[in-house]
Each structure stands twice: as structure tokens, then as C-alpha cells.
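*Asks:*
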Amino acid sequence: QSDNSDKSSAESDSEPEVEQVSVYHKLLATLKTSPESESEEEEDESESEEAEESEAEMDSEGSEEMGEADGGEGDKNGVPEQKESKFVFSPTDTAEQTLGQEQADGADTSCDPSHEVIEEFTDVKHESEFSLETNFMEEGSGDCDADKRDSNFSRASSEDPFKQHMDKELEEKEVEKMSTLPKTSSQSKWPRLGQLTFYSILEKHKALKADKEVDVKQLYLRKPLESTWPKVNKQFLSSMNKPSDPSFTPLQRELFCIMNTYRDLFYPERSALTNGEEIRHAYCLHALNHVLKANAQVLSNNAKRRDQKPGVDNDDYRDQGLTRPKVLMIVPFRECALRIVHILISLLEVNEKRKIDVSNKKRFKGEYGSDPEEKPPNLKRPEDYEAVFAGNIDDHFRIGVAILQRSMRLYAPFYSSDIIIASPLGMRTIIGAEGEKKRDYDFLSSIEILIIDQADIYLMQNWEHVLHLMKHINLLPLESHGVDFSRVRMLNLNNWSKYYRQTLLFSALQDPQINSIFNRHCFNYAGQVAVRNVPLSGSISHVVVQLPHVFRRLEAENVTSVIETRFQFFINKVLPEYRDAIMSHTLIYVPSYFDYVRLRNYFKKEDLNFTHICEYTKKAGVCKARRFFLKGEKQFLLFTERFHFYKRYMIKGIRNLIFYELPTYAHFYSEICNMMKATDSGADATWTCTVLYSKYDAQKLAAVVGIDRTAQMLQSKKDVHLFVTGEN
């Protein structure tokens, strides 16, 4: 798995970041470059520049050049690190409208790349109002009453999962165990989540069973969440919900059951189309509950310290970290941040009469919202594409959120924030690189809950940014930032924060690089839970064209050698079979940009008749390549996975298909195969599909052909021929 991460690093480093911010260019210049990227010709530079062509130019060229029925391809969201979205789909309307009736002034300021880096706005006006150090619990508030109840019933307080997790004092020998001993695991099957694997080091696995019913009053939710959650979550509930369990869907109930024990969680079955919003609501409830409890504890202790006699030292008031931020939410697009903030506001508002005060709401709506009228006309894309790329898809952002009693402060300075919502790129540009003068990551020192949502999308953006973040979280800060050390928990002073941090990881798929985050960067003493269901049928069952599928196995000695082995296997054994002119119209699908560059250079060197399309190819180049391929003027088309992810164009004229590597997203396999429907040829029998795989591709293979076939294919060590009739 580490080698897969290394591959990601090499691939990420070789990619020209299509970024319009000069500061970010400087940042990238500090990164190492792979030998492959250095060997690229001037064409790479032109491709990067071409990706920044205006949308209007793209539209006009696309409609004139291709005139296809798929509605033109003037969308601009296909380029990674793009600064501006021109897409809006219906799911965003709700998120924006609930943020208030007022309209944002002028255009979306996120469209101006200089706005965030040079003039990044933070709210300094409301510092004293949201300071944890100088505020106290409001007398007569629900929070105050709850605090008094908790002090009267210490047993109830001690059973609170928050108190149990944060108050546990680890011993040095336990920390040493976690650093050296391997994790033990156990299996369990839950009704909705399916097959779970529990990991732990410190203690024997306590039987954690799925609650068939959940009483909100037994979840230790801080006020007002107990009353607001059922209303906010009502949209996901059906009439089938039991009267005794009216507030959670079956999926939310089991996920929250795990979250509320403060174990790490990896859920690889998130879908933007089906359960994505359910999951977002569940983790927002958990994160907000954590923040409200932590802040209530500080405010309550402020009052106790104020009332105690002078000169009395008391260690009972150690209630905070070295820096204030407690929750870090990593999401791919501004639209995701917009929805999260909307959920947080809804959870804090008891009713119409008791609305909370939200600072800078108008500005936030302007910078994170989008204009529904800017949706391109006649755009036809798959439903999952529309769900993922809804709303403002700018992927360079970060925002601090402070919450105090009945108020919320957006754009809070990070050191005055409780929750930070950011994209991997937004984090990367503030963390910086070694040797840079202006860099900051002290605010990550005391993160207690890390939520990484839609992790699979970061594989399509730049996985290196996620790895960079994980290397800089829960480190001792370089400066004190005005902290009162008498209030800092011993776990933070001992530099044991990472052993208390809960990580919630949500993805649409299993992937070695995502697994490595969970396995190598999560150290929670409470243990981990991973959902490990295996696909039974695979996406090959959705191929509707009659097509022979040949799975060709390559033998690699280890994970490190797979990249080189695959390349040699392709040029020596696969490519010679396709050099003949009769094998024209051959599309080669390449998931890795690193491999794409290498193949492109080889094809040029061998003077093969080919064209190519990647995520950095400008609109005119794409149209030209598609036309040449359709007419048979070019025998081969090199085609990157990222281009398909960001664009989803129909490629016509495919007769022969080569998957240089299995696709990251299993449904891309059937999508690419089904493009052959658009080929006007009666000679269906001559169509071919060849797939290269190794034993290290087991997860991807299972997602395509199903678990049973995968087991047989890995045992046989021979090429496998499958014929899909369209009814499998």
C-alpha cells in the first residue's frame, strides 16, 4: 500500500497544476518533479495553458466542430484545480435559499483567484464576542441548565461518550504499545452496514452491536440538538420508520452508533446519488455535538474559576487543547462547504422565532453559492456526474467557523475557530512547503475529529495534498498562540493528540491509497471500524454491448515493480497485436497521468499513428482528436481517466478497447464499453476489449467482475476470456 502511495506521489508531482494563482505556482515549484515530467516536450506546457481557455471559446469551437447530440461540451469543470464553476444543478438551490433571503452583492468573488490568496478575508470584528476565554455560560440558557443537571448527576455525565473518550488518561506504556504492536481485528455483520472489521491495540474488542432502535434522549446530545435533529433530518425519513426511532435512517443509525463511540470509521460506499446527504447530516450532528460539549465545558469552568478564591491552583480545569480548532472537515468543493454550514445552522435553530445570529452570512452566500441561471443549456451527463458536480465546484477554499451558544461566526480566524472546513488544496496552500517563509499548520495541533468526505474525488484532484495534510496534523505547535497552559489537557502537552483524534473517512470506493490513510495515519486508542463488503456481481454486468472481454494477467514481483512490468508487458505483448491497420479505432484507457505521459512519449518515439486526450487538452484539441479517431485518420486514441471523470464525453468510433489498468471507478468500465453503441458498424464480432491486471489489482478487479470471478482469476494465473451478452 505504501508503494501505491508512492506511485500517487510520483504521479501527482508530475502533473502540471492548472492554477491561476501565482502564489500557488511558487508553491508547486518547491515540489519535486518526476523524471517523466521533466522529459515532456513543450506540448505539456501548451496543454496546461490550453486548459485555461475561456468557456465561450470552448462552446463555440465545440458546437461547430462536433455538433454532437450530447449537448456540446462547453463545461469548464473538467480541469483539476479549476477556479470557477459554471455549473449549477438543482440540489444546490435548497442549500443556498436556506442561508437567507438576501442576495449577494455582485459576482461570485471566488471567481477572482487573487481574492482568496492576496485578500483572504477573516472576520476580526467579532473576536471578543466569540472568545472562549472571556465568555461564560448564559444564565437561564438550556446549556446552563444542562450543565447544572450534569453536575448533579455525575454518573450520567461519566457515561457521556465525549467525557469517556477525552477524560481517559493514557499511560506511557499504552502509548508505547500503540506505536509498536500490530492491531488485532474481529469481524461482525450489521443489518445495514454489512460486514464490519473492528481493529484495536489497547483493549480486547468490546462487542459493539448495531442498535435496532435509537432513543435520541440516550445519545447524550447537547441542547438544542435533541430537539432540532428530528426536524432537520425529516427529509430522509420514510413512513416506515418505527415510532420509537423517528429520527434516524437505518444507515444513519448504525453510522452514528459507531461515531458516538469515538472510534475511527471508514465507510467506502458513499454515493452522491443515494446516501451522500444522509451521511453528511450524520457527521455534522456528531461534529456539532462534540463542539458544543467542548465549549460548554470551557465556559462552565470559566465561571468556576471566576468564583474560586484567589491563589488556588486547580488541575480540574484542564479542558482544552493547545489551539482552539477541534474539528477539521475536508470536502472537495465549495458547494459541500455551503451545505455543511446550512446543516449546522439548521441544527442550532430551535424554531423560526429562535434563529441564531450568523456573522458574514451574506458574504458566505456570495462566495460559496452559485447562480442557477448559469447552467449550460442542453447539457446531458450521467446522474452521478450531475450529483458530484452540483453547484460551485471551486476546489480552492478554507473557512473557519466559530460557535458560541446561540451565535455562529463565519470566516473566523483559524485560531479562533472551532470548526475548519477546507479542500485539500486549500489546506495545502496554507500549510506550505519546507523552507517557505509564510506557512502555518499550528492550528492543526489539537484537532479532535477529522472528517474526510468524498475521499475518492481527491484521487482525481491531487492525492499528494491529502498526504501532506496528514503529515502536518496533530504536531506540537511552534508558537504558543496565547494559550493558557493551566487549562491545556495533559494529553495535548504530552503530544498525544493523535491518539485521541477520531478520523471519519467516507469514500465511494475501496482503494489502496485511501486504505493507507486509515491504516498508516490513524492512531485512535479507541480503535477503528471499517466497512468491508465485497461486490457480488461487478460493473461488467452493466455492459449492454456484445463484447468479448480478455483479461490479461501480468506477473510482478512486488508492488514497486508493477508500473514498469505493466509498461513492458503492454509494449512487448499487447501493442504488437494492435499495430496492424486492421486493428484501427483502438482506444487506450489510462487511469494514471504518469502512465499516460510515458505512453504518449513512447508512441511519438515509435512514430505510431495516434492522437491523445487528457484533462489538460483544450477544447479545440479534444474536438480534433475525436474527429480524427472517429474517421479512422488516427489508429490509436490515448485517453485519461481524469478526462472522463471531469467531462464524460461520448467517444464515437471505438472498435477495440484496451484498459491499460483497471479503472478507479468500477462503473467507468461499463460506461467506456457501452460507448461502442455509438459506433456505426455492423461488424460487432470484430470488437475487442483487453484488460491488463495483476494480483495487486484485486479490489478493482472484484468491483468490475465480482468477487467469485476474481478469486478464480487470481488463482488460475492465466488470461481469462469473458463474453458479455448484455444480459449478464
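Under UniProt numbering, think of the first position of the sequence shown as 1, with each following residue one higher. Think of the CB as a built atom: it goes at the ideal place given N, C-alpha and C, for glycine as much as any other residue.
#1: Let me check understanding here. Comparing Cα to Cα, which of Arg627, Leu662, Pro477 lies closest to Glu641?
#2: Does the beta-carbon distance from Leu338 to Tyr368 come in below 7 Å?
#3: Is it right to say Val124 is buried, meaning 16 or more other beta carbons lie within 10 angstroms of its own, or is it exposed?
#4: Are there 16 or more other CB atoms within 10 angstroms of the CB of Phe485, so buried, or fewer, so exposed?
#5: Can you find the residues in the same chain that come closer than 8 Å, C-beta to C-beta, to Met178, ignoring five residues on each side of it along the sequence?
#6: Alpha helix (DSSP H) containing Leu630: first to last residue?
#7: Would you mind listing the beta strand (DSSP E) stretches within the region 287 to 367 that are 3+ residues and don't spill past its ends, in chain order?
#8: What is the DSSP secondary structure of Phe256, reduced to helix, strand or coil?
#9: Distance check for Glu277 and Leu237, CA to CA, integer angstroms please.
#10: With respect to the alpha helix (DSSP H) encompassing Cys689, which residues constitute its N-terminal and C-terminal limits?
#11: Asn392: buried (16+ other C-beta within 10 angstroms of its C-beta) or exposed?
#12: Does Phe414 come out as helix, strand or coil in the three-state DSSP assignment?
#13: Tell me the start and end of each unbroken alpha helix (DSSP H) in the region 454 to 525 that is at least 4 residues and wholly inside, in chain order.
#14: Is it buried or exposed, Ser154, if we count other Cβ atoms within 10 angstroms and call 16 or more buried?
#15: Considering only C-alpha positions, which residue in the set Leu509, Asp595, Val704, Gly194 is nearest to Val550?
#16: Relative to the alpha-carbon of residue 731, which residue among Asp316, Asp167, Leu459 has its alpha-carbon at the smallest distance?
#17: Give me whichever residues DSSP pairs with Ser200 in a beta bridge.
#18: Which value, in whole angstroms, describes the spacing of the CA atoms of Ile330 and Ala390?
#19: Going by C-alpha to C-alpha distance, which of His667, Tyr385, Leu714, Glu352 sits closest to Ser539?
#20: Considering only the alpha carbon of each residue, which of Lys304, Pro224, Asp316, Ser247 lies closest to His290?
#21: State yes or no: is the C-beta of Met259 nearer than 6 Å to some heavy atom of the ligand SAM?
#22: Which of helix, strand or coil does DSSP assign to Met650?
#23: In its own chain, which residues sit with a C-beta less than 6 Å from the C-beta of Met713, not counting the 5 before and 5 after it?
#24: Quick one: is Phe274 buried, meaning 16 or more other Cβ sit within 10 Å of its Cβ, or exposed?
#25: Between Arg552 and Lys718, what straight-line distance do the alpha-carbon atoms span, to the nearest angstrom?
#26: Between the Cα of Val597 and the Cα atoms of Ile613, Met583, Thr586, Ile582, which residue gives the shortest distance?
#27: From the DSSP output, read off the bridge partner residues of Leu208.
#28: Applying the criterion that 16 or more other CB atoms from any shown protein chain within 10 Å of the CB defines a buried residue, is Asn558 buried or exposed?
#29: Is Asn351 buried or exposed, if buried means 16 or more other CB atoms sit within 10 Å of its CB?
#30: Buried or exposed for Thr180, going by 16 or more other Cβ atoms inside 10 Å?
#31: What did DSSP end up calling Glu68 once you bin it into helix, strand or coil?
#32: Tell me which same chain residues have a C-beta within less than 7 Å of the C-beta of Val358, skipping the five on either side of it?
#33: If I'm right that Phe610 touches Leu638 with Cβ under 8 Å, what's the distance once you round it to whole angstroms?
#34: For Ser561, which three-state DSSP category applies?
#35: Between which residues of its own chain and Phe397 is the CB-CB distance below 6 Å, once the five residues before and five after are set aside?
#36: Near Gly194, which residues of its chain fall below 6 Å by C-beta distance, leaving aside the five closest residues on each side in sequence?
*Replies:* This is what the structure gives:
#1: Within the sequence shown, numbered from 1, the residue matching residue 641 stands at position 641. Minimum Cα distance to Glu641 is reached at Leu662.
#2: Taking the sequence shown and counting its residues from 1, the one referred to as residue 338 is at position 338. Taking the sequence shown and counting its residues from 1, the one referred to as residue 368 is at position 368. For Leu338 and Tyr368, yes; Cβs fall inside 7 Å.
#3: Your numbering for residue 124 matches position 124 in the sequence shown. Looking at its Cβ environment, which holds fewer than 16 other Cβ atoms inside 10 Å, Val124 is exposed.
#4: Locating residue 485 in the sequence shown gives position 485, where the first residue counts as 1. Phe485 is exposed by the Cβ-count criterion.
#5: Start at 1 with the first residue of the sequence shown, and residue 178 comes out as number 178. Closer than 8 Å at the Cβ level, and outside the excluded window around Met178, lie Ile201, Leu202, Tyr499, Phe523, Tyr525.
#6: Locating residue 630 in the sequence shown gives position 630, counting from the first residue. From DSSP, the alpha helix (DSSP H) with Leu630 extends over 619 to 631.
#7: 327 to 330, 357 to 359
#8: Here residue 256 refers to the residue found at position 256 of the sequence shown. Helix at Phe256.
#9: Here residue 237 corresponds to residue number 237 of the sequence shown, with the count starting at 1. Here residue 277 corresponds to residue number 277 of the sequence shown, with the count starting at 1. Cα-Cα distance, rounded: 12 Å.
#10: As a first step, residue 689 is located in the sequence shown; it is residue number 689 there, counting from the start. No alpha helix (DSSP H) holds Cys689; the beta strand (DSSP E) holding it covers 688 to 693.
#11: Here residue 392 refers to the residue found at position 392 of the sequence shown. So Asn392 ends up on the buried side.
#12: Your numbering for residue 414 matches position 414 in the sequence shown. Of the three classes helix, strand and coil, the one that applies to Phe414 here is helix, per DSSP.
#13: 455 to 460, 463 to 471, 490 to 493, 497 to 500, 512 to 520
#14: For the purposes of this step, residue 154 is taken as the residue at position 154 of the sequence shown. Confidence at Ser154 is low in this model, with a pLDDT of 45, below 50, so its placement is unreliable and no value can be given for it.
#15: Along the sequence shown, read from residue 1 onward, the residue named residue 550 stands at position 550. Checked all of Leu509, Asp595, Val704, Gly194; the closest Cα to Val550 is Val704.
#16: As shown, the chain starts at 1 and ends at 728. That puts residue 731 outside it, with no answer to give.
#17: By 1-based counting over the sequence shown, the position of residue 200 is 200. Beta-bridge pairing links Ser200 to Thr184.
#18: Numbered from its first residue, the sequence shown carries residue 330 at position 330. Numbered from its first residue, the sequence shown carries residue 390 at position 390. C-alpha separation (whole angstroms): 17 Å.
#19: Stepping through the sequence shown from its first residue, residue 539 is reached at position 539. Of the candidates His667, Tyr385, Leu714, Glu352, the one whose C-alpha sits nearest the C-alpha of Ser539 is His667.
#20: For the purposes of this step, residue 290 is taken as residue 290 along the sequence shown, with counting starting at 1. With distances taken between Cα atoms, His290 lies closest to Pro224.
#21: The ligand SAM is absent from the structure shown, which contains no ligand whatsoever.
#22: Numbered from 1 along the sequence shown, position 650 holds the residue referred to as residue 650. Three-state result, Met650: coil.
#23: Numbered from its first residue, the sequence shown carries residue 713 at position 713. Around Met713: Val720.
#24: As a first step, residue 274 is located in the sequence shown; it is residue number 274 there, counting from the start. This sequence places Thr at residue 274; Phe is not what is there. By the neighbour-count rule (16 or more Cβ atoms within 10 Å), Thr274 is not buried but exposed.
#25: Taking the sequence shown and counting its residues from 1, one reaches residue 552 at position 552. Taking the sequence shown and counting its residues from 1, one reaches residue 718 at position 718. Each residue's Cα considered, the two are about 7 Å apart.
#26: Residue 597 sits at position 597 when you count from the first residue of the sequence shown. Out of Ile613, Met583, Thr586, Ile582, Ile613 has the C-alpha closest to the C-alpha of Val597.
#27: Taking the sequence shown and counting its residues from 1, one reaches residue 208 at position 208. None, per the DSSP bridge assignment.
#28: As a first step, residue 558 must be located in the sequence shown, where it is residue number 558. Classification for Asn558: exposed.
#29: For the purposes of this step, residue 351 is taken as the residue at position 351 of the sequence shown. Answer is exposed; the Cβ neighbour count stays below 16.
#30: Counting from one through the sequence shown, the residue named residue 180 turns up at place 180. Thr180 should be labelled exposed.
#31: Residue numbering aside, residue 68 sits at position 68 when the sequence shown is read from its first letter. For Glu68, the predicted structure reports a pLDDT of 38, less than 50, and the residue's modelled location is therefore unreliable. A value from the coordinates is still provided. Note: Glu68 maps to coil in three-state DSSP.
#32: By one-based count along the sequence shown, residue 358 stands at place 358. Closer than 7 Å at Cβ, skipping near neighbours: Ile345, Met408, Leu410.
#33: On the sequence shown, position 610 is the one that residue 610 refers to. On the sequence shown, position 638 is the one that residue 638 refers to. About 6 Å separates the two Cβ atoms, so the contact holds.
#34: Walking along the sequence shown from the start, residue 561 turns up at place 561. Three-state DSSP puts Ser561 in a helix.
#35: Within the sequence shown, residue 397 is the residue found at index 397, counting from 1. Within the same chain, Phe397 has close Cβ partners Arg334, Ser423, Gly426.
#36: The residue you call residue 194 lines up with position 194 of the sequence shown. Once the five neighbours on either side are set aside, the close Cβ partners of Gly194 are Asn533.
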